[in-house]
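Letter by letter, the sequence shown follows residues 131 to 435 of my numbering.
Just so it is clear, CB atoms sit at the ideal spot from N, CA and C, and this is done for glycine as well.
Every value quoted in this text rests on a predicted model; they were computed, and no experiment measured them.
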Amino acid sequence: MSQNLHPLTPPVYRGRFAPTPSGPLHLGSLVAAVGSYVEAKSHKGEWLLRIENLDPMREVSGASEEILKVLEKLGMEWDRSVVYQSQRSAGYRAALATLEKQRLIYPCSCSRKEIMDSTLSGIEGPVYPGTCREHLHRRTSPVAWRIRTDNKPIEFVDSLQGPVRHRLQQDIGDFVLRRSDGVFAYQLAVVVDDAEQGVTHVVRGEDLLNSTPRQIYLQRRLDYPTPYYLHLPVVVNAEGEKLSKQTRAAPVNAANPIPQLITALRLLGQTPLPELVDAELASFWKWTIANWQPARIPRNVLTAP
Ligand code: GLU
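And the structure:
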C-alpha cells in the first residue's frame, strides 16, 4: 500500500510548493511560492518542496538546482527533504495498479488527431469520446492509460475562488494517467505525492483550478484524503499573457531578492512597510508572516508591474 513519505504528527498544516523545472523561477512562480510559504508559516505549518520533473523532455538541465538555490537565497526555508517526481515511479505505478483492480483504467491507442477531431467539447477543449473505453480501437502498442469518468458532480469550495463544480465526463472526459511514452501524467502524480507527503493544504496558481476536480476524483478512488485548496490568481504581463518561459518572463534575480519579494507581496494584496526594502531577509520574513492577511489576496488575474 501507499507509503507515507513524511508521517504526519498532529496537528496540522502542511503545505507545499511544487515547481516544474522547465526554467528558472519568475514573478508568477514567485507569487505561488510566497503565497504557499506564508500561508503555511502563518499557520505554524510545514512547507515542503517537490520538484515536478515527471517529463524528461520538459526538464531543463540545471533548472532544479537553480530553483533550490534561488529559494534558499530568498530565505525561504523548506521542511524535510525535497521530493523529486523522477524518483517516485514506484508510487505512481502502485496507484495505477489500485485503479486497475477497480477496472477504472483502460488502455487507449487513439492518436492526438483523433482526439482533437472529437465533436464533444468541454471546459479545456475537445473531450475524449471514449473510443477505447470498451475495447482497444487498434491493437498497437504503445498505449496510453485513461481513467473512466462519470457524470456525478464533483464539488469543492476553494478558499479564495469559492465553489467549483464539475461533471467530469462531460466537462473533461476520460483523462490520461500515463502517456503512451510511459510518462506518468501530472494529475496522477500530484495526487499520489500530495497524499504520500501528507499535504493538508494546497496553495497554487489559479491555472490549476480546473484540474482540482480531477484530482479529487482520483483521491476518492485511491482512498486518499482531500486537502484544502486555495488557488492564487495568476500573474500576466502587459499583453495579458501568463508569465512563463514561453512568454519570456524575467527570471527572479537572487542577488537582490527583497524588491522582488515586495512586488510579490503587493500582488498578493499585502502592504509591506517601505522600510522592509533595507531589512535583513530574516526580519523581512518575520514581518511578512506576522502581518499576513489572506483576506486581502485578490481573486482575479494580477498584472506584473
Ligand atoms: N508543477 C506545477 C507548476 O509548476 C504545479 C503543480 C501544483 O502545484 O499542483 O505549475
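Helix, strand or coil: which one does DSSP assign to Asp480? Any property of residue 480 remains undetermined from this structure, which presents the chain solely from 131 to 435.
Kindly confirm or deny that the stretch 223 to 233 and the stretch 157 to 168 touch, where touching means at least three C-beta pairs closer than 8 Å. no
Proximity test, Val320 beta-carbon vs the ligand GLU heavy atom, cut-off 7 Å: yes
Based on the DSSP output, what are the partners of His265 in its beta bridges? Beta-bridge pairing links His265 to no other residue.
Three-way DSSP call (helix, strand, coil) for Gly165 in this model: helix
Residue nearest to Thr279 in terms of C-alpha spacing, selected from Asp288, Gly260 and Ala425: Gly260
Out of Gly328, Val321 and Glu336, state which residue places its alpha-carbon closest to the alpha-carbon of Arg223. Val321
Mind checking which residues open and close the beta strand (DSSP E) that includes Ile235? Ile235 to Cys238
For the stretch 207 to 217 against the stretch 243 to 261, do three or more pairs of beta-carbon atoms, one drawn from each stretch, fall closer than 8 Å, so that the two count as touching? no
Indicate whether Leu226 and Trp208 have their beta-carbon atoms separated by less than 8 Å. no
Leaving out five residues on either side along the sequence, give the residues of the same chain with a beta carbon under 7 Å from the beta carbon of Ser310. Excluding residues up to 5 positions away in sequence, Pro272, Val273 and Ala274 lie with their Cβ nearer than 7 Å to the Cβ of Ser310 in the same chain.
Using only the alpha-carbon positions, how far apart do Asp288 and Tyr359 sit? 5 Å
Please classify Glu176 as buried or exposed, where buried requires at least 16 other C-beta atoms within 10 Å of its C-beta. buried
Apart from the five residues just before and just after Gln448, which ones in its own chain have a Cβ nearer than 7 Å to its Cβ? The shown model of the chain, from 131 to 435, leaves out residue 448, and the question about it has no answer.
Under a Cβ-count criterion, where at least 16 other Cβ atoms within 10 Å of its own Cβ denotes burial, should Asn183 be classed as buried or exposed? buried
Taking the runs of the alpha helix (DSSP H) that are 4 residues or longer, which of them lie wholly in the stretch 365 to 401? 387 to 397, all fully within the stretch 365 to 401.
Please name the residue or residues paired with His361 in a DSSP beta bridge. Arg334
Enclosing alpha helix (DSSP H) for Leu298 [first to last residue]: Leu298 to Asp301
Through-space distance from Glu264 to Glu285, alpha-carbon basis: 28 Å
Verify the contact flag: Thr150, CB atom, against every heavy atom of the ligand MG, threshold strictly below 7 Å. Absence of the ligand MG from the depicted structure is noted, with the ligand GLU being the only ligands included.
Gly255, buried or exposed, once every other Cβ within 10 Å from all chains shown has been counted against 16: exposed
Quick check on this structure: which residue in His361, Val313 and Thr330 has the alpha carbon closest to the alpha carbon of Ser341? His361
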